[in-house]
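Participant:
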Amino acid sequence: MDQRPTARPRCGSGSEASWRVASLRRVTALADLPLLASGKVRDMYELGDRLLMVASDRISTYDVVHPTPIPDKGKVLTALSVFWFEQTDAIVPNHLLSTTEDVPGEARGRALAVRRLEMLPVECVVRGYLTGSGWKDYQSSGAVAGITLPEGLRDSEQLPEPIFTPSTKADVGHDETIDFDRAAEIVGDRAVMDQLRDLSIALYSHAAEHAASRGVILADTKFEFGRDADGVLRVGDEVLTPDSSRFWPADTYEVGRPQPSFDKQYVRDWAAGTGWDKKPPAPAIPDDVVAGTRARYVEAYEKITGEAFDAWLARVAVA
Ligand code: PZK
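So for the sequence shown, our numbering puts the first residue at 318; every next one is plus one.
#1: Can you tell me whether DSSP reads Gln475 as helix, strand or coil?
#2: So within the stretch 495-581, which uninterrupted beta strand (DSSP E) runs reach at least 3 residues, ignoring any that extend past its ends?
#3: If I measure Cβ to Cβ from Arg611 and keep anything under 8 angstroms in the same chain, skipping five residues before and after, which residues do I get?
#4: Ends of the alpha helix (DSSP H) at Ser458?
#5: If contacts are defined as beta-carbon pairs under 8 angstroms, then Leu414 and Arg432 qualify, I think. What distance do you get, rounded to the angstrom?
#6: Along the chain, where does the alpha helix (DSSP H) containing Tyr446 start, and where does it finish?
#7: Could you pull out every residue in the same chain whose Cβ sits closer than 7 angstroms to the Cβ of Phe402, ignoring the five residues on either side in sequence?
#8: Less than 7 angstroms between the CB of Ala354 and some heavy atom of ligand 1, yes or no?
#9: Is it true that the CB of Val371 sits closer than 8 angstroms to the CB of Asp380?
#10: By the three-class DSSP mapping on this structure, what secondary structure does Ile480 have?
#11: Whether or not the stretch 557-571 and the stretch 492-509 are in contact is what I'm after, with contact meaning three or more pairs of Cβ atoms, one per stretch, closer than 8 angstroms; do they touch?
#12: Which first and last residues belong to the alpha helix (DSSP H) in which Leu470 is found?
#13: Leaving aside the five residues before and after Leu516 along the sequence, list all residues of the same chain whose C-beta is less than 6 angstroms from its C-beta, in chain order.
#14: Ordered along the chain, which non-local residues of its own chain (more than five positions away) have a Cβ less than 7 angstroms from that of Thr416?
#15: Can you find a heavy atom of ligand 1 that lies under 7 angstroms from the Cβ of Arg427?
#16: Nearest to Pro603 by CA position, among Gly590, Pro351 and Val420, is which residue?
#17: Mind listing, in chain order, the continuous alpha helix (DSSP H) runs of no fewer than 4 residues lying wholly within the stretch 350-406?
#18: Take the Cβ of Gln656 as the centre, count every other Cβ of all protein chains shown within 10 Å, and call the residue buried at 16 or more, exposed below.
#19: Looking at Thr378: is its Cβ nearer than 8 angstroms to the Cβ of Arg514?
#20: In whole angstroms, what is the alpha-carbon distance linking Trp593 and Pro600?
#21: Find out if the Cβ-Cβ distance for the pair Leu397, Thr558 is shorter than 8 angstroms.
#22: Counting beta carbon pairs with one atom in the stretch 433-440 and one in the stretch 526-536, are three or more of them shorter than 8 angstroms?
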């Protein structure tokens with residue numbers, strides 16, 4: 318990570334003109350903090366010796382960000398991440414410091430003050446079900462990330478046990494699945510990679526069991542780890558949110574076909590009907606689709622945590 322306060326924000330994609338517009342919007346959002354990095358839907362600011370991770374209401378489908386925000390999406394994802402950080406603290410410590418102290422009023426609910434970590438250069442993906450690129454790779458080779466799977470598995474089928482399928486962190490474009498040995502080479506330490514795999518599977522298994530008890534299937538998820546100033550391994554980034562995971566409603570799950578996305582299906586179905594070719598720029602989203610999508614995010618939070626979303630908003634409100 319570039320830690321110079323004057324660093325030019327990194328953006329995942331978009332033309333130079335769209336970068337300029339996005340950058341203005343982001344800088345004015347939290348005017349007094351230096352922007353360190355920008356993802357498609359999140360921004361990271363410097364907060365003294367810590368960081369402020371801010372989840373926006375931006376939404377992407379087919380990897381393209383729409384011009385229309387989904388109200389409260391960033392707050393729902395932040396709230397979910399905090400729920401899981403608290404749930405999994407005994408499995409592995411994380412980077413969360415505070416949801417309130419030193420979080421500016423205008424960012425409350427969507428921002429977290431976090432420890433600075435030295436991030437490890439691999440994405441730690443766990444798959445409990447065969448879908449997405451995992452399903453594609455299995456169909457062409459019978460294996461995912463070098464792990465040979467039983468024959469005859471179907472689209473969206475549950476795997477005999479969760480598998481660890483690390484990937485590279487691509488600056489632009491798609492992350493590439495790699496096998497365990499390649500991940501160990503990139504990290505430079507096989508024992509650390511063993512630890513990342515074991516922690517990732519333990520986190521996934523805990524979360525999948527909790528989600529199942531609430532009628533939600535956690536199909537797969539991605540973690541990022543780093544070391545704090547004392548060398549302690551911690552999980553960072555966002556955890557177990559719809560942007561880093563696939564959640565499926567258990568009551569409509571059917572093996573043998575792709576599952577509708579819990580959160581983005583309204584937008585995808587509407588977009589398909591418009592004839593959009595899935596290339597930038599993404600179309601503006603109509604009000605009814607925005608409202609339906611917002612409701613899905615809030616429903617996901619309430620279903621998984623058992624808590625009203627308003628309770629989160631009250632918990633982080635400026636006193
Ligand atoms: C870190 N990103 C991803 C990019 C975002 C997030 N605790 C940390 N310490 C140091 N660096 C990072 C973290 C975390 N998490 C996260 N890149 C570096 C990223 C753009 C916007 F919000």
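Here a beta-carbon is modelled for each residue, glycine too, at the ideal position from N, C-alpha and C.
Facilitator: On the basis of the coordinates in this document:
#1: Look at Gln475 here: in three-state DSSP terms it is strand.
#2: Secondary structure within the stretch 495-581: the beta strand (DSSP E) runs of 3 or more consecutive residues, fully enclosed, are 533-540, 542-544, 550-552 and 562-566 (chain order).
#3: Non-local beta-carbon contacts of Arg611 in its own chain, meaning distances under 8 angstroms to residues more than five positions away in sequence, involve Ile387, Pro388, Asp389 and Lys390 in chain order.
#4: Gly449 to Ser458 is the span of the alpha helix (DSSP H), which, as asked, contains Ser458.
#5: That belief holds up - the Cβ atoms of Leu414 and Arg432 are roughly 6 angstroms apart, short of 8 angstroms.
#6: Going by DSSP, Tyr446 is part of no alpha helix (DSSP H) but of the beta strand (DSSP E) stretching over Val439 to Tyr446.
#7: Within the same chain, Phe402 has close Cβ partners Asn411, Leu413 and Val556.
#8: Yes, the beta carbon of Ala354 sits closer than 7 angstroms to at least one heavy atom of ligand 1.
#9: Taking 8 angstroms as the Cβ cut-off, Asp380 and Val371 do not qualify as a contacting pair.
#10: Strand.
#11: Short answer: they don't touch.
#12: For Leu470, no alpha helix (DSSP H) run applies, since DSSP gives it neither H nor E.
#13: Hits under 6 angstroms: Val409.
#14: The residues are Val399, Leu429 and Val633.
#15: Annotation for Arg427 indicates a beta carbon at 7 angstroms or more from all heavy atoms of ligand 1.
#16: Answer by Cα proximity: Gly590.
#17: List check, alpha helix (DSSP H) in window: 390-405.
#18: Only positions 318 to 636 of the chain appear in the structure, and residue 656 is not among them; the question remains open.
#19: Not in contact: Thr378 and Arg514 (Cβ atoms no closer than 8 angstroms).
#20: The alpha-carbon atoms of Trp593 and Pro600 are separated by roughly 7 angstroms.
#21: Against a cut-off of 8 angstroms, the Cβ pair of Thr558 and Leu397 comes out as a contact.
#22: No, the stretch 526-536 does not touch the stretch 433-440.
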